[in-house]
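Asker: As you go down the protein sequences, you meet chains D and P in turn.
Residues in the first sequence are numbered from 35 upward in steps of one, following this note's numbering.
Residues in the second sequence are numbered from 110 upward in steps of one, following this note's numbering.
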Amino acid sequence: EAQVTQNPRYLITVTGKKLTVTCSQNMNHEYMSWYRQDPGLGLRQIYYSMNVEVTDKGDVPEGYKVSRKEKRNFPLILESPSPNQTSLYFCASSWTGFQPQHFGDGTRLSIL
Amino acid sequence: AQKITQTQPGMFVQEKEAVTLDCTYDTSDPSYGLFWYKQPSSGEMIFLIYQGSYDQQNATEGRYSLNFQKARKSANLVISASQLGDSAMYFCAMREEETSGSRLTFGEGTQLTVNP
């Protein structure tokens, strides 16, 4: 089954404690992306990757890091999380940036 | 300036009726794509329909159609014969090929409620 898998689905943690949200896709897609969703703001793109070792900033990259060492994986790293990063996070993938994206089920992060 | 504007925070429609969800966009890029996604209360994002800026005809996918008016920079989603399962948040999104590369910009969404 074609899918984008995010882990964890839910996480409550404290300010400053480094965390990683994993994202994996099994469709051999070249394009992967991370979004955060906040009430009244829709989805905002954090980072995206056109292919292995190729990443670029989206609209709200501050406080986040990503890496794309393998085609299937695109982890999101919060080196020093802060409460304003409490949000619902989505990973997505597609063949190219112009193709419709398949979304993961989301990760709800709460930073206390 | 907002690149994607969805002016209807909430919409209500009677079951079996048609409903139009508005989306206007702002770009000077000649090549762009417009997407609509549905987000039910369960939270997942579901792709509905896509329209390319060079497409000659309006996109259709089953009960979904896109009323694309390029000169007015609008890409409204039309849902025909609404069903209770259509109750969800709907997002319009745009990708500009030259201006923003592969970045995808979403609107704030419209919450659609279908009444029985």
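Ideal placement from N, C-alpha and C gives every residue a C-beta, glycine not left out.
DSSP beta-bridge partners for P:Phe-156?
Answerer: Paired residues: P:Tyr-146.
Asker: Would you check if there are 3 or more beta carbon pairs closer than 8 Å linking the segment 95–103 of chain D to the segment 132–148 of chain P?
Answerer: Judged by Cβ distances under 8 Å, the segment 95–103 of chain D makes no contact with the segment 132–148 of chain P, as fewer than three pairs qualify.
Asker: Just list the residues that DSSP pairs D:Tyr-69 with in beta bridges.
Answerer: Per DSSP, D:Gln-79, D:Phe-124.
Asker: Based on the DSSP output, what are the partners of P:Ala-180 in its beta bridges?
Answerer: P:Ala-180 is not bridged to any residue.
Asker: Please check if any C-beta of chain P sits within less than 8 Å of the C-beta of D:Asp-72.
Answerer: Cβ-Cβ to chain P under 8 Å: no for D:Asp-72.
Asker: Give the interface partners of P:Gly-119 over in chain D, defined as CB-CB distance under 7 Å, in chain order.
Answerer: Those do not exist, as P:Gly-119 stays about 12 Å from chain D at its closest Cβ, beyond 7 Å.
Asker: From which residue to which residue does the beta strand (DSSP E) around P:Thr-214 run?
Answerer: Note, P:Thr-214: beta strand (DSSP E), 213–215.
Asker: Assess contact between the segment 117–130 of chain P and the segment 77–95 of chain D, defined as three or more Cβ pairs (one per stretch) separated by less than 8 Å. Is contact present?
Answerer: No contact exists between the segment 117–130 of chain P and the segment 77–95 of chain D.
Asker: So which residues on chain P does D:Gly-76 lean against when the C-beta distance must stay under 7 Å?
Answerer: Going along chain P in sequence order, the residues near D:Gly-76 (Cβ under 7 Å) are Phe-200, Phe-215, Gly-216, Glu-217, Gly-218.
Asker: Does the beta-carbon distance from P:Met-154 to D:Phe-132 come in below 8 Å?
Answerer: Not in contact: P:Met-154 and D:Phe-132 (Cβ atoms no closer than 8 Å).
Asker: On the CB-based measure, 16 or more other CB atoms within 10 Å of its CB, does P:Ile-188 come out buried or exposed?
Answerer: Per the 10 Å Cβ criterion, buried.
Asker: Taking C-alpha atoms, which residue in P:Leu-221, P:Gln-220, P:Thr-222, P:Arg-204 lies nearest to P:Ile-113?
Answerer: That would be P:Arg-204, whose Cα lies nearest to the Cα of P:Ile-113.
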